[in-house]
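>
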Ligand code: NI
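Written out as structure tokens, the structure is:
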């Protein structure tokens, strides 16, 4: 496995629309190695999600980390996942805004309105179908990563920049009140 270089905001690869992965490529060593390397890269940099475009590979593939439930010790809102050719459909108009960060926009945090409940479809790393409803923070993570595959970053989704903060100032002034807000 290998830790991959993460593209930073301004690199054109982050603005590319990624290409679908052909189903017969999923089992191949190239795709499987990319998935393993993306997990290792995400862990190394402490991300909760990573899209292939962020590691200079414009293919429709994302990984997400385990997401613990902040209110229930030992409970997970979502477990680590791989989604190839992900498709998100909105199941509500209701929005929620969490503070987001991004390994491609290091050391910033900002509140981003997102749809609260989504349907996520795609393929797992063994090619099996994924079709599930996701809500709350995990739904935010999937929307953030699928945006990357369409050349969109979280700054593009902010409706105002009044919450945009350096991480150090976020920790000092905002973290205590940083829970999700309805929008
Ligand atoms: Ni990101």
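Numbering (this note's numbering), first residue to last: 129 to 311.
All C-beta atoms, glycine included, are put in the ideal place defined by N, C-alpha and C.
1) Using a Cβ-Cβ cut-off of 8 Å (strictly less than) and excluding sequence neighbours within five positions of residue 153, which residues of its own chain qualify?
2) Does the beta-carbon of residue 157, which I'm using as the reference point, lie nearer than 7 Å to any heavy atom of the ligand NI?
3) Measuring only the C-alpha atoms, how far is residue 180 from residue 310?
4) Am I right that residue 274 and residue 216 are in contact with their C-beta atoms under 8 Å? What's the rounded C-beta distance?
5) If I measure Cβ to Cβ from residue 238 and keep anything under 6 Å in the same chain, skipping five residues before and after, which residues do I get?
6) Runs of 3 residues minimum, wholly inside the stretch 188-266: which ones carry the beta strand (DSSP E) assignment?
7) Label residue 149 either buried or exposed according to how many other C-beta atoms from any shown protein chain fall within 10 Å of its C-beta, with 16 as the threshold for buried.
8) If we ignore side chains and look at the alpha-carbon of each, how far apart do residue 264 and residue 219 end up?
9) What is the rounded straight-line gap between the Cα of residue 222 and the Cα of residue 213?
With the given structure in hand:
1) As a first step, residue 153 must be located in the chain shown, where it is residue number 25. Excluding positions up to five away in sequence, the list reads 159.
2) Here the question's residue 157 lines up with position 29 in the chain shown. Within 7 Å of the C-beta of residue 157 there is not a single heavy atom belonging to the ligand NI.
3) On the chain shown, position 52 is the one that residue 180 refers to. On the chain shown, position 182 is the one that residue 310 refers to. About 30 Å.
4) On the chain shown, position 146 is the one that residue 274 refers to. On the chain shown, position 88 is the one that residue 216 refers to. About 5 Å separates the two Cβ atoms, so the contact holds.
5) As a working note, residue 238 is residue 110 in the chain shown. Excluding residues within five positions, the ones whose Cβ falls inside 6 Å are 286, 291, 292.
6) Within the stretch 188-266, the complete beta strand (DSSP E) segments of 3 residues or longer fall at 189-192, 204-206, 209-218, 223-228, 236-243, 245-251, 257-263, listed in chain order.
7) Sequence index remark: in the chain shown, residue 149 carries index 21 (1-based). By the neighbour-count criterion, in which 16 or more other beta carbons inside 10 Å mark a residue as buried, residue 149 falls on the buried side.
8) Stepping through the chain shown from its first residue, residue 264 is reached at position 136. Stepping through the chain shown from its first residue, residue 219 is reached at position 91. Cα-Cα distance, rounded: 12 Å.
9) Within the chain shown, residue 222 is the residue found at index 94, counting from 1. Within the chain shown, residue 213 is the residue found at index 85, counting from 1. Going by the C-alpha atoms only, they are around 25 Å apart.
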